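There are 2 protein chains.
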Amino acid sequence: MRRWNGWGDEAVGMALDDNALAFLARQVGAGRAPQDVSFEAACAGLAPGRLPPHPLVDASARTRLLHALGQSLPDWLRLRYGRVDTAPDGVAFPESGEQVRDLFAFAAAHGAAVIPYGGGTSVAGHLTVPNGGRPVLTIAMGRMRAMLALDPEARLARFGAGVSGPDLEAQLRAHGYTLGHFPQSFEYSTLGGWVATRSSGQQSLRYGRIEGLFAGGRVETPQGPLEIPTFPASSAGIDLREMVLGSEGRLGILTEATVRVSRLPEVEAFHAVFFPGWDAALAAVRALAQGGLPLSMLRLSNAVETSTMLTLAGHTRAVRLLEAWLALRGCRDGKCMLLVGASGARAQARPALRAALGLARRHGGVHAGRGLGERWRRKRFRSVYLRNAAWAHGYAIDTVETALDWPRVTPAMRAIEAAAAAALQGWGERVHAYSHLSHLYPQGASVYSTFVFRLSGSFETDLARWRRLKDGVSDAIVQAGGTISHQHGVGLDHAPWLGHEKGALGLGAMAALFRHFDPDGRMNPGKLVAP
Amino acid sequence: MRRWNGWGDEAVGMALDDNALAFLARQVGAGRAPQDVSFEAACAGLAPGRLPPHPLVDASARTRLLHALGQSLPDWLRLRYGRVDTAPDGVAFPESGEQVRDLFAFAAAHGAAVIPYGGGTSVAGHLTVPNGGRPVLTIAMGRMRAMLALDPEARLARFGAGVSGPDLEAQLRAHGYTLGHFPQSFEYSTLGGWVATRSSGQQSLRYGRIEGLFAGGRVETPQGPLEIPTFPASSAGIDLREMVLGSEGRLGILTEATVRVSRLPEVEAFHAVFFPGWDAALAAVRALAQGGLPLSMLRLSNAVETSTMLTLAGHTRAVRLLEAWLALRGCRDGKCMLLVGASGARAQARPALRAALGLARRHGGVHAGRGLGERWRRKRFRSVYLRNAAWAHGYAIDTVETALDWPRVTPAMRAIEAAAAAALQGWGERVHAYSHLSHLYPQGASVYSTFVFRLSGSFETDLARWRRLKDGVSDAIVQAGGTISHQHGVGLDHAPWLGHEKGALGLGAMAALFRHFDPDGRMNPGKLVAP
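Protein chains in written order, with UniProt numbering: chain A, 1 to 531; chain B, 1 to 531.
As structure tokens, this is what we get:
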């Protein structure tokens, strides 16, 4: 069963061994887990729902609580400390566009706002219910999850947009296809959510971002349905898909989406390469990203992340042997790990991988074989469970991510980590910060930074610590010339920084679009831009 | 010098030999050229300008005439027959964003509409001056053409958006880079025009469409400047670039644009392959487009285009030898020519080309070597001069283009050609129609159709013939499920069909955006959507 106050399935654990705990204690001090409230207590804390009954709406406290929040750290704090101040007044589970329209009419009749809910994996406050004011109807899309059509000739598949990653891939795999979109949240996040937040998957190097995969679909808006037909390309005015991508529920609900699919790859392999230091590693990945080799993944950890990951992984003895072997080859304290993936037809993927490893070697890289890469592949959706394990030992884990042109990548990474390190000094607390480049482009890269710090045991203190940390690193991102999000979206949490890149005129343009589709400001109010 | 009433440089001619003329006479009847009016007579026909003097504005009849129209067939008819009913009241040539803002203020002060002018190559009526009503100021961007910055690390180059194709490539080539954007209009069209109309170049298979090349820039809008920063990717809400792409001058003028550039290719080669018939050729190009080979161009002519091109090319004896050689190999009457291009690093381009030719062979293709491909490369911007030559013999040439998912490609091509063939029956005239697939995608292809028909010598008759033909083929396009334009844009000429793909709600969304940036409806009114 899915955890109600943490990540993922309750059956999946990820333990931190003594060595890992000692490492964390050295970095930020010994942790002490706060006492989580029970599900029942959290339910009991909810104010009663304010919507009249409707056959499609579940107004039970249990269901309302399970759809009240996402996976951001403040969301976790609210759940763990039992401080869920706001929840939807009801949650609906439509099975058709007609039911969605029916629910819009119900919301309109009762002056309710509407929050679209996909997999509940937002880490930016997309699902937060506004305080006070009108009632809120959350529309959960999980029952609209069937593959509705598959066109093998055009390689297009149409899905109910509430389909989750595993369900989508399973339905495609049965026919020999894949979408190839694997965000970290893959287990729960949905196609509709990916589109609404401009998601990016771990193998975007091969398959592209969701922007490129989303070919068309149907959006139910308060002003009526918007059907976006599929074309391979078009110069016919503004691209309507681009109004939906990143709209974060502000203009309606994507109910059906057609995506561009690929044949399942013949072969797929992930290899690890270590570099003696960051600069050599960066030069290598830039050359790889600009070299046009048909790779499927590049993921470069900086030195702190490399050593943190090797330590937290367990397998102390194996890691010690690996590090000794690497040290002999010049990769010591500042070493950085690169994962290189290639997927596709044998005749293309193998030469590409060979060429990539050769290029890495010419930049001082030491090929460590397939073991670590395959381990990454097996655990690719498991590392996020680390948040649960860390919490159980009294540590909070949070992340931010951005993307920047190449000259800004390293300065931004350093500035983000420095801002994090300084953020909690007022409380006498340290932050352990590390980063990787998760998506590489000819133009630049995304920087994905992780922060570990201690929980205080007090909701107010921990929320204030998060706020201070979030402000510091977000300021650092925009000052370094980065976008406030490369793959998580804006929601509530990133909205204060959005004006940096959009300007007032650009924010206004987004608002003008939303007003057109949703003149009453009913849809996910307050997210992205002021309502 | 540039022709004022036709395509291109006066020094460049393209003759039709006797064999070609006999072919055209067989297809649509013998032609008789109408009498073109002189430049002076056309100037004398303009009504006086209605704007007061401004230091940046040239209100001479000569300059106003030269900026009154684009290159669509109705534009040609107006120029050739001396029926330029409307022209801008003045033409400005700003050299900075400040001057553009100054011109906006001037236009506002005098209630004038503003038409942005790039290279004047629109074939969809983007530049048409509205009839009557307020005065019109055309802002010609040709003086803002410098490379303003080059970032070799991020492979970004910033240009004044009025830069033409050759000027842009020359400035990049000096540093070893290319944009790789080569639309047929390359000689004159501009970066700003490409962005505003969502242009696609002949080698988009390698370099992508302008949507992917345009990384950011600055738009002067009536509500102030919109600066769009560059990121490799972002999930921060709606992408502002996508509001500019395809906006066709309706929200402001792109004054500076940053584009993603590539290293000049080490090698580049174009080869020709002939197929015995359309179905085999189509299967081959679909497999090529979906195979992910790093090719730079695929261009497949149908049987009528193949024979037309071979006939119009001159070189009768060489063509006869080629056809005899092809006939021995099974490519006879219905044969279709495919051009395959590969560009890039030697180590990637050569194997890709080899693999492509192998795949084509397995689909029944006959490799005809590099000669025809190289000839295409040398003449790639020359074939459009054929319009001048045809006119001189009494023939009009017009084109339409669309893009469709694979299952719709062949039916659409047939429907477009059938609609063209039937269009002028009321006048007892025939239309010679032929097509090629100009851009190939895993999802589908663009269909580019050319029509040749006789001129009548009467402006009204020829305009009516064009109207009838345009209506027929445009209806065929949208009924077949195609977009009304893959690369030419919408302008005035395609606007009646835009609702088919956007719906009323989508059209309204575009209009809402334009109103936000341009509340007075000053910018290029009437283009794309009703003002």
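Glycine residues also receive a C-beta, built at the ideal position from the N, C-alpha and C atoms. Predicted, not measured: the structure shown is a model, and the values here were computed from it.
Asked                                                                                                                                                                  : Found
Is there a Cβ of chain B sitting closer than 8 Å to that of E256/A, yes or no?                                                                                         : no
Return the bridge partner residues of Y448/B from the DSSP annotation.                                                                                                 : E401/B, H436/B
Cβ of T230/A less than 8 Å from any chain B Cβ?                                                                                                                        : yes
Jot down the residue ranges of each uninterrupted beta strand (DSSP E) in the region 102 to 140 of chain B, minimum 3 residues, whole runs only, in chain order.       : 113 to 117, 136 to 140
Between which residues of its own chain and R188/B is the CB-CB distance below 7 Å, once the five residues before and five after are set aside?                        : Residue 188/B is actually Tyr in this sequence, not Arg. Cβ neighbours of Y188/B beyond the five flanking positions: G119, G120, T121, S164.
As a quick exercise: from P48/B, R62/B, P116/B, pick the residue whose alpha carbon is nearest that of N524/B.                                                         : P116/B
I'd like the span of the alpha helix (DSSP H) that includes T306/B, first residue to last.                                                                             : 303 to 312
With a threshold of 8 Å between beta-carbons, can E227/B be considered close to chain A, or not?                                                                       : yes
Measure the C-alpha to C-alpha separation of V204/B and L288/B and round it to an integer number of angstroms.                                                         : Checking the sequence shown, residue 204/B turns out to be Ser, not Val. Between S204/B and L288/B, the C-alpha separation is close to 14 Å.
Under 8 Å, do F214/B and A257/B count as touching if we go by C-beta distance?                                                                                         : yes
Looking at the C-beta of Q223/B, does it have a partner C-beta in chain A at a distance below 8 Å?                                                                     : yes
Considering only DSSP beta bridges, list what G481/A is partnered with.                                                                                                : BP columns for G481/A are empty, so no partner.
Counting only the same chain and skipping the five closest in sequence on each side, list residues whose C-beta sits under 6 Å from that of A92/B.                     : L56, V57, L103, I139
Counting only Cβ pairs nearer than 7 Å, list the residues of chain B close to S153/A.                                                                                  : Here the sequence assigns Glu to residue 153/A, which means Ser is not the residue at that position. Simply W406, P407.
Measure the C-alpha to C-alpha separation of F451/B and A396/B and round it to an integer number of angstroms.                                                         : 8 Å
Name the chain B residues that come within less than 8 Å of E501/A, Cβ to Cβ?                                                                                          : P229, F231, S234, A236
Please report whether the beta-carbon of T483/B lies at a distance below 8 Å from any beta-carbon of chain A.                                                          : yes
Where does L79/B land, buried or exposed, given buried means 16+ other C-beta within 10 angstroms?                                                                     : buried
Nearest CA to the CA of residue 553/A: which residue from A464/A, L326/A, L513/A?                                                                                      : This structure cannot speak to residue 553/A, because chain A is shown only from 1 to 531.
Contact between the region 194 to 213 of chain B and the region 433 to 442 of chain B: three or more CB pairs below 8 Å?                                               : yes
Against chain A, which members of the region 265 to 296 of chain B pass a CB distance test of less than 7 Å?                                                           : Q290, G292, P294
Going along chain A, which residues have a C-beta under 7 Å from residue 564/B?                                                                                        : Because chain B in this structure spans residues 1 to 531, residue 564/B falls outside the shown range and cannot be described.
Among L21/B, V490/B, S234/B, which residue has its Cα nearest to the Cα of W194/B?                                                                                     : V490/B
Suppose contacts are defined by Cβ-Cβ distances below 8 Å. Is V473/A in contact with E401/A by that definition?                                                        : no
Along chain A, which residues have their Cβ under 7 Å away from the Cβ of T356/B?                                                                                      : The question names Thr, but residue 356/B is Ala in the sequence shown. Within 7 Å Cβ-Cβ: nothing; A356/B doesn't reach chain A, min ~13 Å.
Residues of the region 180 to 196 of chain B in Cβ contact with chain A at a cutoff of 7 Å, in chain order, please.                                                    : none
Could you tell me if the beta carbon of G521/A falls within a distance shorter than 7 Å of some heavy atom in the ligand FMN?                                          : The ligand content of the structure shown is nil, which means the ligand FMN is not present either.
With DSSP as the reference, please indicate the residues paired to T221/B in a beta bridge.                                                                            : G224/B
Three Cβ pairs or more, each shorter than 8 Å: is that satisfied between the region 227 to 244 of chain A and the region 316 to 335 of chain A?                        : no
Which chain A residues sit within Cβ distance under 7 Å of A215/B?                                                                                                     : Q443
Would you kindly work out how many angstroms separate the C-alpha atoms of E417/A and G334/A, rounded to a whole number?                                               : 16 Å
So, is D520/A buried or exposed, given that buried needs 16 or more other C-beta atoms within 10 angstroms?                                                            : exposed
Just to confirm my understanding: we take D167/B, look at its own chain, exclude 5 residues before and 5 after, and list those with CB closer than 7 Å. What are they? : R145
Which partner residues of F453/A appear in the DSSP bridge assignment?                                                                                                 : A396/A
Considering only DSSP beta bridges, list what A61/B is partnered with.                                                                                                 : According to DSSP, which records beta bridges pairwise, A61/B is partnered with nothing at all.
Could you check which residue in R299/A, Q348/A, G394/A, D471/A has the C-alpha nearest to that of A445/A?                                                             : R299/A
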